[in-house]
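In what follows, a single structure is set out as structure tokens and then discussed.
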Amino acid sequence: MKVSYFAFMAAAMWACCGCSSEKSGDKPVADAKIGIRTSILDRSEMRTPSLDSNGSGSFADGDHFSLLVSDGADGLLDFDYETGVTQLYWKDVTFASSPEKVHFAACYPKRDLSGAQFAFDLETEADKDLLLARTADVPAGTTAPVDLTFRHAMHRLVVTFTDDSDVDTESVQTVCTARSACTVDLLDGTLKTDEGRKASFSARGKSVFFLLVPQKTSDVEFELRFDDRTCRVPLSDHAGSHDELLGGMQLHVELTLKEGRVEIGKTTIEGWGDQGTVEGEIIL
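For the sequence shown, numbering that gives the first Met the number 0 assigns the number 283 to the last residue and increments by one with no breaks.
Written out as structure tokens, the structure reads:
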């Protein structure tokens, strides 16, 4: 009986070992976690996420953005992704087509997505600085982090009044009238400006800025109000060869308010890119 007992135990142990040929650390692809690694390029004047003086930065734990995953055909899956909280696995990203590669796209602030496109209107949006990210051709089931680099979709227009001005520049009110709405295609990362809608945005002070949808400079006009006077300044008249305000770039206009005229010291696009400098003046 002893011989039979030990023979039985040995056989059982061998059988158990034989059934455990898979390494203990291996996981099925469906159970593998999708690591999302985010960064932000060229961002200014934003409290959340966290950004440095050059405009780049990162999301903080608790920040929400919308995540869209595509199979490259008709399959779309969207997620409300909370940084530091959301746990996303490949088993959550399944398509009938069983693609070898998938495409990730994201936007901040988060949207209630219905498909890949959504409307964005600066006149009504509480957070006007739309950030977009897109990473294509990610191997399905990869354990490598998915890098999402967010870029600024809007154009940033800065107006600064120089110290040589003859008026109290802190009291100058600048009204910017421009096209305000667009349709965003999140998968392509593109914007289509609504040509039929304009809005006016107002700010007061020596240096002000406006976030605008990408558009022609001929669609933008300033109205400067100071000392009971009003001066209209079409941007295209003083933008030189710069016909377009591009997304993710910053146009900086320096103005000097003199008795009888508004002098344009220089106009540059900087921070998000550089398209050159023009100078001129406006007679009141």
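Cβ atoms here follow ideal geometry from the backbone N, Cα and C, with glycine treated the same way.
The segment 201-217 and the segment 232-244 touch, with no fewer than 3 CB-CB distances between them shorter than 8 Å. Here L121 has K127 and S179 as same chain residues with Cβ atoms under 6 Å from its own Cβ, once five neighbours each way along the sequence are excluded.
A straight-line Cα-Cα distance of about 29 Å links T161 and K197. Closest in C-alpha terms to R36, from the list A72, F149, L245 and C181, comes F149. With contacts defined by Cβ atoms closer than 9 Å, V166 and D226 form a contacting pair. Under a 10 Å Cβ-count criterion, Q249 is classified as buried, with 16 or more other Cβ atoms of the shown protein chains found around its own Cβ. Straight through space, the alpha carbons of K205 and T168 are spaced by roughly 5 Å.
Comparing alpha carbon positions, the residue from L223, K100 and L131 closest to M153 is L131. Going by DSSP, I35 is part of the beta strand (DSSP E) stretching over I35 to I39.
Contact between the segment 88-108 and the segment 133-152 is established, with three or more Cβ pairs separated by less than 8 Å.
Straight across, the Cα-Cα distance linking L190 with L223 is about 29 Å. Between the C-alpha atoms of V84 and E243 there is a straight-line separation of about 40 Å. The DSSP-derived three-state label of D136 is strand.
Excluding the 5 residues flanking it on each side, R203 has same chain C-beta neighbours closer than 6 Å at Q172, in chain order.
When the alpha-carbon of S65 is set against those of Y107, D73 and H241, the nearest one is in Y107. No Cβ-Cβ contact shorter than 9 Å links F200 with V158. Rounded to the nearest whole angstrom, the C-alpha separation of A115 and D77 is 9 Å.
Straight through space, the alpha carbons of E258 and D60 are spaced by roughly 52 Å.
Bridge pairing for L147: T37 [DSSP].
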